[in-house]
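See below for the structure under consideration.
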Amino acid sequence: MAVITFISHDGEQHEAPLEEGSSLMQVATNNAIPGIDADCGGEAACGTCHVIVDPSWADTVGPPGPEEEEMLSMNPDRLPTSRLSCQVKVCGSWDGLTVQLPESQW
Ligand code: FES
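Take the sequence shown: its letter number 28 is residue 28 in the UniProt record's numbering, and every next letter is one higher.
This is the structure:
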């Protein structure tokens with residue numbers, strides 16, 4: 001089974017099945033991954049779906065768009081590979097993708 005791994009800030013790993021075409025946020029919420037609240041339902045308006053993409057996957061996943069960038073710019077936990085997971089559409093070839101959750105999303 002192809003999987004995506006979400007790692008909480010304390011190092012706990014949670015695997016979810018890769019769901020091609022879903023957003024990374026939907027993959028997380030469909031699989032009860034702790035720390036992804038997604039309060040706005042995927043509108044890039046709340047920032048509670050923030051993930052930090054493993055640097056080895058950053059080029060594959062790509063950078064944020066302008067709207068997403070604006071929301072991320074207000075997030076104190078932002079790192080160079082930060083994304084809003086609701087804005088990341090999962091590709092079928094992303095087996096093994098790993099993302100971390102910031103400490104504030106606990
Ligand atoms: S779910 Fe609100 S910004 Fe992603």
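The beta-carbon is built from N, C-alpha and C at its ideal position, and this holds for glycine as well. Predicted model, so just to flag it, every value in this text is computed and none were measured.
Can you name, in chain order, every residue of its own chain whose Cβ lies under 8 Å from the Cβ of residue i, other than the five neighbours on each side?
i   : result
H14 : T5, F6, I7, S8, N31, I33, P34
V3  : E15, A16, P17, L18, D95, G96
D54 : T81, L97, T98, V99, Q100
Under three-state DSSP, which class holds residue i?
i    : result
P55  : helix
Q105 : coil
T81  : coil
V3   : strand
Which residue marks the beginning of the alpha helix (DSSP H) containing residue i, and which one marks its end?
i   : result
A28 : 24-30
Considering only residues of the same chain and omitting the five flanking positions on each side of residue i, which have a CB-CB separation below 6 Å?
i    : result
Q100 : I7, I52
S104 : D77
I'd like the span of the beta strand (DSSP E) that includes residue i, first residue to last.
i   : result
L72 : Run containing L72: none in the beta strand (DSSP E); it sits in the alpha helix (DSSP H), 66-72.
E15 : 13-17
V99 : 98-100
Tell me which residues share the same chain as residue i and place their Cβ nearer than 7 Å to its Cβ, disregarding the 5 neighbours each side in the sequence.
i   : result
A88 : In the sequence under discussion, the amino acid at residue 88 is Val, which differs from the Ala named in the question. S23, L24, V61, listed in sequence order.
Exercise for the section: Closer than 7 Å is what we want: which residues have a beta carbon that near any heavy atom of the ligand FES? List them in chain order. Expected result: M25, A38, D39, C40, G41, G42, E43, A44, A45, C46, G47, T48, C49, M71, L84, S85, C86, Q87
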